[in-house]
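Number of protein chains: 2
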Amino acid sequence: MTRNVRTYDHFCVIARALEDVGDRWTLLVIRDLLSGAKRFTDLMDRLGAITPKTLTQRLRELEDTGIVAADRTPGRREVWYRLTPVGEDLRPVIDALGWWGLKHAWRWPQENEPMHAEHLLRAVAQAIDMVADAHVTELWHFRIDGADYVIEGDGKHWSHRAGTPQVAADVTITARTDALKRLIFGESDLDVEIEGASAKVQRFRKLITTLATVVSAQETSSR
Amino acid sequence: MTRNVRTYDHFCVIARALEDVGDRWTLLVIRDLLSGAKRFTDLMDRLGAITPKTLTQRLRELEDTGIVAADRTPGRREVWYRLTPVGEDLRPVIDALGWWGLKHAWRWPQENEPMHAEHLLRAVAQAIDMVADAHVTELWHFRIDGADYVIEGDGKHWSHRAGTPQVAADVTITARTDALKRLIFGESDLDVEIEGASAKVQRFRKLITTLATVVSAQETSSR
DNA sequence: CTGGATCCATGATGATACTG
DNA sequence: CAGTATCATCATGGATCCAG
Numbered sequence: 016m017t018r019n020v021r022t023y024d025h026f027c028v029i030a031r032a033l034e035d036v037g038d039r040w041t042l043l044v045i046r047d048l049l050s051g052a053k054r055f056t057d058l059m060d061r062l063g064a065i066t067p068k069t070l071t072q073r074l075r076e077l078e079d080t081g082i083v084a085a086d087r088t089p090g091r092r093e094v095w096y097r098l099t100p101v102g103e104d105l106r107p108v109i110d111a112l113g114w115w116g117l118k119h120a121w122r123w124p125q126e127n128e129p130m131h132a133e134h135l136l137r138a139v140a141q142a143i144d145m146v147a148d149a150h151v152t153e154l155w156h157f158r159i160d161g162a163d164y165v166i167e168g169d170g171k172h173w174s175h176r177a178g179t180p181q182v183a184a185d186v187t188i189t190a191r192t193d194a195l196k197r198l199i200f201g202e203s204d205l206d207v208e209i210e211g212a213s214a215k216v217q218r219f220r221k222l223i224t225t226l227a228t229v230v231s232a233q234e235t236s237s238r
Numbered sequence: 016m017t018r019n020v021r022t023y024d025h026f027c028v029i030a031r032a033l034e035d036v037g038d039r040w041t042l043l044v045i046r047d048l049l050s051g052a053k054r055f056t057d058l059m060d061r062l063g064a065i066t067p068k069t070l071t072q073r074l075r076e077l078e079d080t081g082i083v084a085a086d087r088t089p090g091r092r093e094v095w096y097r098l099t100p101v102g103e104d105l106r107p108v109i110d111a112l113g114w115w116g117l118k119h120a121w122r123w124p125q126e127n128e129p130m131h132a133e134h135l136l137r138a139v140a141q142a143i144d145m146v147a148d149a150h151v152t153e154l155w156h157f158r159i160d161g162a163d164y165v166i167e168g169d170g171k172h173w174s175h176r177a178g179t180p181q182v183a184a185d186v187t188i189t190a191r192t193d194a195l196k197r198l199i200f201g202e203s204d205l206d207v208e209i210e211g212a213s214a215k216v217q218r219f220r221k222l223i224t225t226l227a228t229v230v231s232a233q234e235t236s237s238r
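As you go down the protein sequences, you meet chains A and B in turn. Under the working numbering, think of the first position of the first sequence as 16, with each following residue one higher. Under the working numbering, think of the first position of the second sequence as 16, with each following residue one higher.
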């Protein structure tokens, strides 16, 4: 196993941090683990063009630095990768990158660009949080292609995660990724099942297109 | 000029952001520009092991994405690189990395590891800000090897920047980098000139070793 | 001196295929 | 499911050189 040992050799906190998480793909692995533990193939799915060799290398490095832990159940082949508390502490970094990315680096999807529901929902949560005059407590349960996700506003911030809700959801949305995409982009609500009390559903419908709104507003002004 | 055009092709705000700033060295260039505009050679000094080719390439990319602007005064060869407002918006990303780096990725300097006063002062400001029960308004003026820096607490946060203070400093410190290092590490105050009102100097002396304290506390517990 | 450019070496990553 | 293996390519490192 060739291990990436490139350093910066600066006596600097930023450089030290980037030696641990600054390699190509590394922060994207952390992004995907922040929403919940994943298996090797789950990560491959979400990371798209990464090669298994590179993913293996990144996971080993992250284990070495104590950012990721691998849960290997004896007798089973399945390995679940999860963030340690040290890794969880990278959430502010990812959030800051997401804020900047949404504000300055957004582009509408290219033709045939792979799109994962989890990343789409992250962008939605980030957009709502960014504009948020939406200081409400609300929990949305998404069931997309058989996987469960939650977007949640706690009255101060909006966040997302993978998995089923711990408490009853205000709104439950069932759809396939492409139908969800059309809903979020404000194109149509075909093939999207939305369940919940009428007022809650109404607020959901209002907020779910925040991402499209934010992006449209920027497209007119930025590069 | 070979331009790095690697993308991730995810429909994801984090991936979009990292396509702009995720390349090796890029965030370190931004780190150094966040404390003030710099010339090519100023950046070379601070970045240490970067090659001029790579720095040129990074600066061009950052200009392309609108993160950096190059001020070329007609008739003069000097080029000053500075962050645009888009680039300034990356401050939360650098701050988050610094926070994590100080908390989890710190190491004492290696033998002969290059050390730049600007990075050392960043770490000091970050450390004071992190532990800060120090909610005071205070301005320290550092004169290190002929260059000026400011560390400032505004009552809520502590930050640093290059340049001279706009208002009168509470404490003025004059030293060479290695003497400053020894002061910060709590080893000695030899060859460090500290001027200011007695109470202010006392507080300075108390706070300046925060970095050493924070680090020592972690060394005993972490990797 | 500043602000690079050029050349070559090497190592990290990408592409594709295969395996316990 | 969780990787390995092999080969190709491209980004980066290291050194040197140069023009205004």
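Backbone N, C-alpha and C define an ideal beta-carbon position, used for all residues, glycine too.
Chain A within 7 Å of residue i, Cβ atoms only
i: B:G113; result: yes
i: B:P180; result: no
i: B:L198; result: no
i: B:H150; result: no
i: B:G168; result: no
i: B:A120; result: yes
i: B:E128; result: yes
i: B:N201; result: Note that residue 201 of chain B is Gly in the sequence shown, not Asn. No, its Cβ sits nowhere closer than 7 Å to a Cβ of chain A.
Top-ranked residue by Cα proximity to residue i, from the options
i: B:L287; options: B:T41, B:R176, B:T22; result: This structure cannot settle anything about residue 287 of chain B, because the visible part of chain B is limited to 16 through 238.
i: A:L43; options: B:D47, B:C27, B:I188, B:S213; result: B:C27
i: B:D169; options: B:P180, B:V207, B:T152, B:D160; result: B:T152
i: B:D24; options: A:W123, A:W173, A:L112; result: A:W123
i: B:D79; options: B:D60, B:V139, B:V36, B:G113; result: B:V36
i: A:H119; options: A:I159, A:M145, A:T179; result: A:M145
Segment limits, alpha helix (DSSP H) that includes residue i
i: B:D144; result: 132 to 146
i: A:W114; result: 106 to 119
i: B:V186; result: B:V186 -> not in any alpha helix (DSSP H); beta strand (DSSP E) instead, spanning 186 to 190.
i: B:A84; result: Counting along the chain, B:A84 falls outside any alpha helix (DSSP H), though it belongs to the beta strand (DSSP E) covering 83 to 87.
i: A:I223; result: 213 to 223
i: B:T56; result: 55 to 62
i: A:R75; result: 67 to 79
i: B:A32; result: 28 to 36
Enclosing beta strand (DSSP E) for residue i [first to last residue]
i: A:D163; result: 162 to 169
i: B:E202; result: Taken as a continuous stretch (DSSP letters only), B:E202 belongs to no beta strand (DSSP E), as it is neither H nor E.
i: A:S174; result: 173 to 177
i: A:I45; result: Here A:I45 belongs to no beta strand (DSSP E); instead the alpha helix (DSSP H) covers 41 to 49.
i: A:R158; result: 152 to 159
i: B:R97; result: 94 to 98
Chain-order list of residues whose beta-carbon lies under 8 Å from that of residue i (same chain, five-residue window excluded)
i: A:A227; result: I199, F200, G201
i: A:K215; result: E153, D185, V186
i: A:I8; result: Missing from the structure shown is residue 8 of chain A; chain A here goes from 16 to 238 and no further.
Min CB distance residue i to chain B below 7 Å
i: A:R54; result: no
i: A:A190; result: no
i: A:D47; result: no
i: A:A232; result: no
i: A:V146; result: no
i: A:V108; result: yes
Neighbourhood of residue i by C-beta distance below 7 Å, restricted to the same chain and skipping five residues each side
i: A:A149; result: I143, G168, L222
Cβ shell of residue i (< 6 Å), same chain only, five flanking positions each side left out
i: B:I188; result: F157, I209
i: B:H175; result: L136, R137, A140, I166
i: B:Y164; result: L136, F157, A177
Residue i Cβ short of 6 Å to the ligand NAP heavy atom set
i: A:K196; result: Within the structure as shown, the ligand NAP is missing, as the structure has no ligands at all.
- Message: Any C-beta of chain B within less than 7 Å: which residues of the region 67 to 81 of chain A qualify?
- Response: Result list: G81.
- What residues in the region 19 to 35 of chain B have a beta carbon less than 9 Å from any beta carbon of chain A? Residues of the region 19 to 35 of chain B with a C-beta atom less than 9 Å from some C-beta of chain A are R21, T22, Y23, D24, H25, F26, C27, V28, I29, A30, R31, A32, L33, E34, D35, listed in chain order.
- Could you name the residues of the region 93 to 105 of chain A whose beta carbon sits closer than 8 Å to any beta carbon of chain B, in the order they occur along the chain? Sequence-ordered contacts of the region 93 to 105 of chain A with chain B read V101, D104, L105 [C-beta pairs closer than 8 Å].
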